[in-house]
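Asks: After the structure tokens below, expect a handful of questions from me.
Residue numbers (my numbering): 4 to 330.
Dropping the structure here:
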């Protein structure tokens, strides 16, 4: 019951009881649109409008608008903040109980999201696409994304995905995926150079010639042994009788270069990715290059979610165009 102050006799304050709206407001739960029901239920479960919007794959402003319309329809405030936590107030809890009964009775369907499969070269995933993929799932908590890391030509040919991003030769896209895909799209050409951590190499002590490398420990990612264009580097590693670390983990190889005074073969953009690393140009006479290629599964290329992922990848490479230019 709420009280109002009427304009009664002069100098006298009177209070008149305002009748409570009928408890039948709870019965409105049976007539609420299913989309609004889902908005309310997910918001109550998440305890955060932003997280609820991500889970529902809608804009937070649209979510808040529908919830405000719901509260106007039932003439009740349903949510409250306790500190930074979003919770249901007493009316919200009662309304939630009514909706729970409705959900069990009508078995509201769960919206199934299509599974998107991305197969991507491990180095490209780690260095270039990882941050934008994290941003994608932050914006859309309901996405179904299967990310397949490609660490060899064999894994490329064995993978089955909707979008494939791989490293091939500059002259051709071979090897290529082992299933029908759209036209191969070149995304970037990458030069590879020996790199060393700045903190372990003063300018006057850095190797200036091929022979100077004899004084340094070399570290190699095992997958690079299969790359034809890396023959100059691989020949140097194979000749070593000591001072070589072979690794099957790309991340650990990077950590070795960062923290163990090793020299490793890395993409020329690595100084952009990690300011603590510096390339060592001029040590090899032959260039060591690879091309980044992308293709889309011919059967699923028209799917909106697949097109969205392909656009994200193209945009990522376009935004990092300066990483690949000026070689």
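Glycine included, each C-beta is placed from N, C-alpha and C at the ideal position.
Please report the residue range of the alpha helix (DSSP H) in which residue 267 lies.
Replies: By one-based count along the chain shown, residue 267 stands at place 264. Segment 265-270 is the beta strand (DSSP E) holding residue 267; no alpha helix (DSSP H) there.
Asks: DSSP three-state call for residue 165: helix, strand or coil?
Replies: Here the question's residue 165 lines up with position 162 in the chain shown. In the structure shown, residue 165 sits in coil (DSSP, three-state: anything other than H, G, I, E or B).
Asks: Given a threshold of 16 other Cβ atoms within 10 Å of its Cβ, counted over all protein chains shown, does residue 180 qualify as buried or as exposed?
Replies: For the purposes of this step, residue 180 is taken as residue 177 along the chain shown, with counting starting at 1. When all chains shown are included, residue 180 counts as buried.
Asks: Can you find the residues in the same chain that come closer than 6 Å, C-beta to C-beta, to residue 231, ignoring five residues on each side of it along the sequence?
Replies: Indexing the chain shown from 1 puts residue 231 at position 228. Once the five neighbours on either side are set aside, residue 231 has no close Cβ partner at all.
Asks: Please determine, among 189, 178 and 222, the residue with the shortest C-alpha to C-alpha distance to residue 198.
Replies: Taking the first residue of the chain shown as 1, we reach residue 198 at position 195. Taking only the C-alpha atoms, the option nearest residue 198 is 222.
Asks: In terms of DSSP beta bridges, what is residue 192 paired with?
Replies: Taking the chain shown and counting its residues from 1, one reaches residue 192 at position 189. Answer is 294, bridged to residue 192.
Asks: Secondary structure at residue 158, three-state DSSP: helix, strand or coil?
Replies: Walking along the chain shown from the start, residue 158 turns up at place 155. Looking at residue 158 - three-state DSSP - the assignment turns out to be helix.
Asks: Apply the 10 Å Cβ neighbour rule to residue 238 and answer buried if 16 or more other Cβ atoms are within range, or exposed otherwise.
Replies: Against the chain shown, residue 238 aligns to sequence position 235. That one is exposed.
Asks: Given this structure, state the Cα-to-Cα distance separating residue 272 from residue 326, to the nearest angstrom.
Replies: In the chain shown, residue 272 corresponds to position 269, counting from 1. In the chain shown, residue 326 corresponds to position 323, counting from 1. The straight-line gap from Cα to Cα measures roughly 5 Å.
Asks: Considering only residues of the same chain and omitting the five flanking positions on each side of residue 47, which have a CB-CB separation below 6 Å?
Replies: Taking the chain shown and counting its residues from 1, the one referred to as residue 47 is at position 44. Same-chain partners within the cutoff: 91 and 99.
Asks: I need the DSSP call for residue 142, collapsed to helix, strand or coil.
Replies: The residue labelled residue 142 in the question sits at position 139 within the chain shown. Helix at residue 142.
Asks: Looking at the structure shown, is residue 119 part of a helix, part of a strand, or coil, going by DSSP?
Replies: Within the chain shown, the letter at position 116 stands for residue 119. Three-state DSSP puts residue 119 in a strand.
Asks: Does DSSP put residue 61 in a helix, a strand or coil?
Replies: Looking up residue 61 in the chain shown gives position 58. Residue 61: coil per DSSP, three-state reduction.
Asks: So, for residue 56: in the same chain, excluding its five sequence neighbours on each side, which residues have a beta-carbon less than 7 Å away from its beta-carbon?
Replies: Here residue 56 is taken as the residue at index 53 of the chain shown, counted from 1. Closer than 7 Å at the Cβ level, and outside the excluded window around residue 56, lie 62, 63 and 66.
Asks: Rounding to the nearest angstrom, what Cα-Cα distance links residue 284 and residue 214 in this structure?
Replies: Taking the chain shown and counting its residues from 1, one reaches residue 284 at position 281. Taking the chain shown and counting its residues from 1, one reaches residue 214 at position 211. Spanning the two alpha carbons is a distance of roughly 14 Å.
Asks: Nearest-angstrom Cα distance between residue 250 and residue 225?
Replies: Position 247 of the chain shown, counted from the start, is the residue given in the question as residue 250. Position 222 of the chain shown, counted from the start, is the residue given in the question as residue 225. Rounded to the nearest angstrom, the two C-alpha atoms are 6 Å apart.
Asks: Give me the residue from 278, 276, 257 and 275 with the minimum Cα distance to residue 268.
Replies: Reading the chain shown from its first residue, position 265 is the one you call residue 268. With distances taken between Cα atoms, residue 268 lies closest to 257.
Asks: Return the residue from the list 203, 243, 311 and 299 that minimises the CA-CA distance to residue 260.
Replies: Working through the chain shown from its first residue, we reach residue 260 at position 257. Ranking the options by Cα distance to residue 260, first place goes to 203.
Asks: Are residue 188 and residue 297 closer than 8 Å when you measure CB to CB?
Replies: As a working mapping, residue 188 is identified with position 185 in the chain shown. As a working mapping, residue 297 is identified with position 294 in the chain shown. A contact, by the Cβ cut-off of 8 Å.
Asks: Residues in the same chain with beta-carbon distance under 7 Å from residue 156, minus the five sequence neighbours each way, listed in chain order, please.
Replies: Position 153 of the chain shown, counted from the start, is the residue given in the question as residue 156. For residue 156, where only same-chain residues beyond five positions count, the Cβ hits under 7 Å are 178 and 229.
Asks: Three-state secondary structure (DSSP) at residue 237?
Replies: Within the chain shown, residue 237 is the residue found at index 234, counting from 1. Correct three-state label for residue 237: helix.
Asks: Our contact map puts residue 123 next to residue 132 with C-beta atoms below 8 Å; I'd like the distance itself, whole angstroms only.
Replies: Working through the chain shown from its first residue, we reach residue 123 at position 120. Working through the chain shown from its first residue, we reach residue 132 at position 129. Indeed they touch by this definition, with Cβ atoms about 6 Å apart.
Asks: Might you give, ordered along the chain, the residues of its own chain that have their beta carbon closer than 6 Å to the beta carbon of residue 291, omitting 5 neighbours on each side?
Replies: What you label residue 291 is simply residue 288 of the chain shown in a count that begins at 1. Taken in chain order, the residues that qualify are 195, 232 and 233.
Asks: By the 10 Å Cβ neighbour count, where 16 or more other Cβ atoms means buried, how is residue 41 classified, buried or exposed?
Replies: Locating residue 41 in the chain shown gives position 38, where the first residue counts as 1. The residue in question, residue 41, is buried, as its Cβ has 16 or more Cβ neighbours within 10 Å.
Asks: By the DSSP assignment, the beta strand (DSSP E) with residue 223 in it spans what residues?
Replies: Position 220 of the chain shown, counting from 1, holds the residue named residue 223. Where residue 223 is concerned, the enclosing beta strand (DSSP E) stretches over 220-224.
Asks: Can residue 293 and residue 158 be called in contact, C-beta distance under 8 Å?
Replies: Working through the chain shown from its first residue, we reach residue 293 at position 290. Working through the chain shown from its first residue, we reach residue 158 at position 155. It is not a contact, given that the beta carbons lie outside the stated cut-off.
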